[in-house]
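Per this note's numbering, the sequence shown starts with residue 13, numbered consecutively. Glycine is no exception: its CB is placed at the ideal position from the N, C-alpha and C atoms. What follows is a single structure, written as structure tokens, with notes after it.
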Amino acid sequence: MSGGRILIVEDEAIVAMFIGDLLDVLGYEVEASVTNGPDAVRLALDTDPDLVLMDINLAGSMDGIEAARIIREQKNIPVVFVTAYSDEATRKRAEAIGPAGYLLKPFKQEELNLIIDSALSS
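Written as structure tokens, this is what we have:
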């Protein structure tokens, strides 16, 4: 499956650009790219993307898990966590909000495509 509007939430510009480029190659539309939780929530609620790719560790008082929780409660938009953090406590906290997937950095294009396809077809 390809197509679909995706919101990227990533506080490292080079990583956000990399993900955006991969999504473009895979045939997805980048709705927007933001660097913090409050902007992620606002844009997700305003633009209603098909999927949110969410980094867990974001600058500011709202991390990606909290932003995803709000987005899921308000709009039930699927969220895939894309993160370098895989410790048990973080993973359990992330799983508690019911994400559509969890992808560890670094990842390959094929892995990204599979998890997005799975999340969008659920």
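Check, Outcome
"If the criterion is Cβ atoms closer than 8 Å, does the pair Ile109 and Ala80 meet it?", "yes"
"Identify the continuous beta strand (DSSP E) that holds Leu70 and give its terminal residues.", "Per DSSP, Leu70 belongs to no beta strand (DSSP E) and is neither H nor E."
"If Ala44 and Leu19 are in contact, beta carbons under 8 Å, what's the gap, nearest whole angstrom?", "6 Å"
"For Phe93, which three-state DSSP category applies?", "strand"
"Residues bridged to Glu24 by DSSP?", "For Glu24, which the question treats as bridged, DSSP gives no partner whatsoever."
"With C-beta atoms as the reference, is Ile68 less than 8 Å away from Tyr97?", "yes"
"Given Ala56, which residues of its chain have a CB within under 7 Å of its CB, disregarding the five upstream and five downstream residues?", "Leu19, Val64, Ile83, Lys87, Ile89"
"Are at least three pairs of beta-carbons, each pair with one atom in the stretch 100-114 and one in the stretch 25-38, less than 8 Å apart?", "no"
"Does Ile18 come out as helix, strand or coil in the three-state DSSP assignment?", "strand"
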